[in-house]
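Going by full-length UniProt numbering, the sequence shown opens with residue 1, and the numbers climb by one from there. Glycine included, each C-beta is placed from N, C-alpha and C at the ideal position. All of these numbers come straight from a predicted model, not from anything done at the bench.
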Amino acid sequence: MKAARRRLPWLAGALAAALLTTSCTGPSPVQVSQSSTERQLEISSGETATEQGLAHILVGALKHAGIDARFHGTAAEPGRTVIDGGADAALLGSTGLLHLLTDAGDAVLEPQATPGGSSAAPDTAGVADGLSAAQTMDKLRAMALKDLAVLPPAAADDREVLAVTAATAERYGLRSLNDIGRFCPELAFGAPASFVLAGTGAKDLAGDYGCTPESLRALEPADDALLIGLLDDRVQAALLDAGDASIPDNALVPLDDPKMLFPAQQFTPLVTTRDLGQDAIDTINAVTRKLDQEQLVEINRAVSGPDALDPKTAADYWLADHGFNG
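As structure tokens, this is what we get:
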């Protein structure tokens, strides 16, 4: 079976009602001393086409606001680029950001009133285990960062989800990972090699949901091998990103994860506060307020498949349709 990868038109009117009712982020609690940004801002990006599209959206929105900005490039850890001073802003998944800042410890945290002046950063292990999206953000907001700030997140969440075809969901009565345990011995699962090789994901599936699949096969989403394997029934469940347009485009069923095995990854801006004006913060917040799950899927659809747009072109269309251009 051929994977459906249809790119829909970028029509502002089709999404206007959703955008008018979307209020996923409140006013930023971050305040800086200067109203205007007087220098060029560098925006770092993750390596996927979707992440690059989002970074180009930030660059374009900042330019539209009269702020000099440029695309810094891609990195496996764009947040690390910001921490190290190589870039000024990046959009990261919220749990990934929490791990990054916790790992960085004293390098990013203000010294606390503790003996010896240590910032007393929490241990990395298990720092986000079982946390809801809101609880993850609470932990991020509670961090006293030096020369950095975490801005309000977008509603868009790119957490991992275990998805099955509609036929498999109907056959086994699957709606949640709670439903899958007793059927796992007859199901083959597909996942990116990083998940398979780590080994911890399979152990967590067994521990949290009593699920030990018949096999766990390494298939990569980037070349559609994972999606095609699912549609061809070579695997019966696939680990995909929640913002992957192949889920709605192929009527796949993402299984609910009540035990939060796969943590929240709301796109959250990490910014430097060095010479950053309030105009830049307000502009970044304006973008994330409009970035809901539907928007994330649309961006992914635009940069995916055989007729994919390059990330910057996709970003330009999005900016034009959402009032950040012209």
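Legend entry - Within the stretch 115-188, ranges of the beta strand (DSSP E) (whole runs, at least 3 residues): 148-150, 160-164, all fully within the stretch 115-188.
Legend entry - Minimum C-alpha distance to G173 - residue among V303, T273, P254, A154: The candidate whose alpha carbon is nearest that of G173 is P254.
Legend entry - Burial state of S246 (16 or more Cβ within 10 Å): Buried, because 16 or more other Cβ atoms sit within 10 Å of the Cβ of S246.
Legend entry - Where the beta strand (DSSP E) through R301 begins and ends: From DSSP, R301 is part of no beta strand (DSSP E) but of the alpha helix (DSSP H) over 293-302.
Inset, instruction - Write down the C-beta distance between G60 and A315 rounded to the nearest angstrom, noting that I regard them as a contact closer than 8 Å. - result: The distance from the Cβ of G60 to that of A315 is about 6 Å, consistent with a contact at the 8 Å cut-off.
Legend entry - Cβ-based burial, P185 [other Cβ within 10 Å; buried from 16]: Classification of P185: exposed, given that the 10 Å Cβ count is below 16.
Inset, instruction - Would you check if there are 3 or more beta carbon pairs closer than 8 Å linking the stretch 272-287 to the stretch 139-150? - result: Between the stretch 272-287 and the stretch 139-150, the count of Cβ pairs shorter than 8 Å is three or higher; the stretches touch.
Legend entry - Environment of G46 [buried if 16+ CB atoms lie within 10 Å]: Looking at its Cβ environment, which holds 16 or more other Cβ atoms inside 10 Å, G46 is buried.
Legend entry - Option nearest D223 by Cα separation, candidates S94, L319, P306, F183: Distances from the alpha-carbon of D223 to those of S94, L319, P306, F183 put P306 closest.
Legend entry - Enclosing beta strand (DSSP E) for H72 [first to last residue]: For H72, the enclosing beta strand (DSSP E) begins and ends at 69-74.
Inset, instruction - For G201, count neighbouring C-beta atoms within 10 Å of its own C-beta (all shown protein chains included) and say buried if the count is 16 or more, exposed if not. - result: Per the 10 Å Cβ criterion, buried.
Legend entry - Residue environment, K203, which counts as buried when at least 16 other CB atoms sit within 10 Å: Exposed is the call here.
Inset, instruction - Output the boundary residues of the beta strand (DSSP E) element that contains G93. - result: Per DSSP, the unbroken beta strand (DSSP E) holding G93 starts and ends at 89-93.
Inset, instruction - Please work out which residues of its chain come closer than 6 Å, Cβ to Cβ, to D88, disregarding the five sequence neighbours upstream and downstream, and give them in chain order. - result: Closer than 6 Å at Cβ, skipping near neighbours: L41, E42, T272.
Legend entry - Pair within 8 Å by beta-carbon distance, Q135 and L187: Judged by beta-carbon spacing, L187 lies beyond the 8 Å limit of Q135, meaning their Cβ atoms are not closer than that value.
Legend entry - Whole-Å CB distance - H56 paired with K290, under 8 Å assumed: About 15 Å separates the two Cβ atoms, so there is no contact after all.
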